[in-house]
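The sequence shown begins at 1 in full-length UniProt numbering and counts up one residue at a time. For each residue, glycine too, the CB sits at the ideal point set by N, CA and C. Structure first, then comments.
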Amino acid sequence: MSIENQPILKKLNETTKLPIIKRQKRFFVNKGENPFDTERFFYFILSGKVKISQINFETSKEQILYLLSSGDMFDVTALLDGKSSEYLIEVLEKSEVVEVPISDVRELLSKEPSFQRFFFPYIAKQLRNMEELAVDLSLYDVYQRIIRLFARYVDQNTKNPKLGIIENLSHEELAMMVGSVRKVVNRALQKLKKDGIIDLSRKHIKLLDLDKLLQKIEY
1 MSIENQPILK KLNETTKLPI IKRQKRFFVN KGENPFDTER FFYFILSGKV
51 KISQINFETS KEQILYLLSS GDMFDVTALL DGKSSEYLIE VLEKSEVVEV
101 PISDVRELLS KEPSFQRFFF PYIAKQLRNM EELAVDLSLY DVYQRIIRLF
151 ARYVDQNTKN PKLGIIENLS HEELAMMVGS VRKVVNRALQ KLKKDGIIDL
201 SRKHIKLLDL DKLLQKIEY
């Protein structure tokens, strides 16, 4: 099955016909593997979870920039400016991806309006996420950062709202998302649990009360 029929492009293809990207490779990547070559290829994620981060090797402090899942794509920066990125890429759970030569995607982006209508809103979303991360790190304490992170990732398209792709992250990984350390994040989570907003179990966070969570957000 070719990429134009995959869920990642389903919304696009409901109204337009995307030219077939012939030079594509579809494969699975296991947790912990990194077969990605973002200088030569562009990747569409069909399933799974992929972490994009930066690390200070002197302090070993890591900041998660993007948490990607079904419907995401990378490396957008390399696609647009032609420069290699220094991101760390880690597969957090078994993922299915489609690999396409980056030159083919650049050609598609320059010539195909239907792909442009799909691509640019995605870029806007990523830029907005980076803007929100910068604001959170600069203006809010860790407790507020956690609340705002949960509000950003909550999936309300279900009867019982869930925290989506972040609900199974470890406290250490959550700390990497909000620029803190596990001990401080754990205190924030325990406070949310005490207030009846979440429930905690081993590597799982269950959202109990979305309204209470949203009421805690400071503006």
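Classification of residue i by the beta-carbon crowding that lies within 10 angstroms, buried from 16 upward
| i | result |
| --- | --- |
| Tyr219 | exposed |
| Arg23 | exposed |
| Glu172 | exposed |
| Arg145 | buried |
For residue i, the residue or residues it bridges with in DSSP
| i | result |
| --- | --- |
| Ser201 | His204 |
| Asp155 | Lys162 |
| Glu93 | Lys49 |
Straight-line gap, residue i to residue j (C-alpha atoms, nearest Å)
| i | j | result |
| --- | --- | --- |
| Gln6 | Lys194 | Residue confidence is low: Gln6 scores 49 on pLDDT, short of 50, so the model does not pin down where it sits. Its coordinate-derived value is still stated next. Going by the C-alpha atoms only, they are around 42 Å apart. |
| Leu207 | Asn34 | 32 Å |
| Val135 | Phe41 | 32 Å |
| Pro161 | Leu46 | 22 Å |
| Leu137 | Gly82 | 29 Å |
| Phe119 | Leu109 | 8 Å |
| Ile147 | Gln63 | 18 Å |
| Tyr153 | Glu112 | 31 Å |
| Leu214 | Leu192 | 12 Å |
| Ile165 | Glu58 | 30 Å |
| Tyr143 | Leu200 | 16 Å |
| Phe27 | Leu67 | 20 Å |
Residues near residue i by beta carbon distance below 8 Å, same chain, minus five either side
| i | result |
| --- | --- |
| Gly196 | Leu208, Asp209, Lys212 |
| Leu133 | Leu65 |
| Glu39 | Ala78, Ser84, Ile102 |
Beta-carbon proximity list for residue i, same chain, < 6 Å, skipping 5 on both sides
| i | result |
| --- | --- |
| Ala175 | Val181, Arg182, Val185 |
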